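J.: Pasting a structure below so you can have a look.
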Amino acid sequence: MWLAVVGLIIGIFIGLIIPLGVPIAYSKYLSVALLAALDSVFGGVRANMENNYDNIIFITGFFSNTLLAGILAWIGERMGVELYTAAIFVFGVRIFQNLAIIRRHLLKR
């Protein structure tokens, strides 16, 4: 657990030092991919608290969710339909559900 916290702190520090801009053309893809990645991370934390965590499931879910979200945003853009808003809604709801379950686990302790 401490390794993840240290990695997060180092990542934030590097992100603040190195200015990285995202072109506007890729902002939809990045926002959806970021939400998909956060959904997988919070799902992994939830699974760990429920003693149901599997590293292979987490890694494959992380990359497949992120890739699928980006592909859906790209397909929606090609069709002229804003499909990324549906992905944002779904991943947003799942993130809040996972956070609620994580909060309940922490409050039971």
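Counting from 1, one number per residue, gives the positions in the sequence shown under UniProt numbering. Using N, Cα and C, we set each Cβ at its ideal position, and we do this for glycine too. Bear in mind the structure is a predicted one, so any value in this text is a computation, not a measurement.
1) Quick one: Cα of R104 to Cα of D39, how far?
2) Tell me whether I12 sits in a helix, a strand or coil according to DSSP, three-state version.
3) Please classify L20: does DSSP put it in a helix, a strand, or coil?
4) Counting Cβ pairs closer than 8 angstroms, one from the stretch 60 to 70 and one from the stretch 14 to 34, do we hit at least three?
5) From what residue to what residue does the alpha helix (DSSP H) around L68 run?
6) Flag I9 as yes when its Cβ comes closer than 8 angstroms to any non-hydrogen atom of the ligand HEM, and as no otherwise.
7) In whole angstroms, give me the CA-to-CA distance for R109 and L3.
T.: The answer reads as follows:
1) 17 angstroms
2) helix
3) Residue state, collapsed to three classes: coil.
4) yes
5) N55 to M79
6) The ligand content of the structure shown is nil, which means the ligand HEM is not present either.
7) 22 angstroms
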